[in-house]
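In this note's numbering, the protein residues as written are 842 to 1002. Remarks on the structure that follows.
Here's what the structure looks like:
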């Protein structure tokens, strides 16, 4: 289910997903800054409910996510996460460099080839070196080891096992 660069209109996408609204947008990175343009579209008739642009330092990615989620919630009259859940989300923040390594690791991990999984290991290990407190780096490492073992892509050295 890929919608990036698609010719499908929002009504078709909404029907395929079984949703009343679609959040569409783009993400641009300029140095240590992130700009997100987002718009909420009603799928029944293609009406734009709202559109906005958010710009933050890469270290504040959670703030952009929270702002967009709150705007969607307000537009749809939804009650969003409690402060406790927001605190958990903020705990997943990391440095831009560690996040980049993590995202690169996830990208190659999803290719699920022996070479890609070995590359993923390197990215996740680098993520952990950059930010030992960033739990998703360890999750990526565990996921990669699980696939390497499950699919028999290689036997780990005893020190790695």
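Each residue gets a CB set at the ideal place from its N, CA and C atoms; glycine is no exception. Here the structure is a predicted model, which means the values were calculated and not measured.
Closest residue to residue i among the options (Cα-Cα distance)
i	options	result
residue 945	877, 981 and 972	981
residue 947	960, 935 and 879	960
residue 917	844, 990, 860 and 987	860
residue 849	887, 872, 873 and 868	887
residue 993	902, 956 and 979	956
residue 894	962, 905 and 968	905
As assigned by DSSP and simplified to three states, the class of residue i
i	result
residue 849	coil
residue 992	coil
residue 812	There is simply no residue 812 to check, as the chain begins at 842 and stops at 1002 in what is shown.
C-beta contact flag for residue i and residue j at 8 Å
i	j	result
residue 862	residue 881	yes
residue 866	residue 877	yes
residue 965	residue 985	yes
residue 864	residue 913	yes
residue 898	residue 873	yes
Environment of residue i [buried if 16+ CB atoms lie within 10 Å]
i	result
residue 987	exposed
residue 991	exposed
Residue i: CB within 7 Å of a non-hydrogen atom of the ligand HEM
i	result
residue 858	Within the structure as shown, the ligand HEM is missing, as the structure has no ligands at all.
Practice problem: Could you tell me which uninterrupted beta strand (DSSP E) segments, each at least 3 residues in length, are contained entirely in the segment 855-926, listed from first to last along the chain? | Solution: 862-871, 874-883 and 889-898
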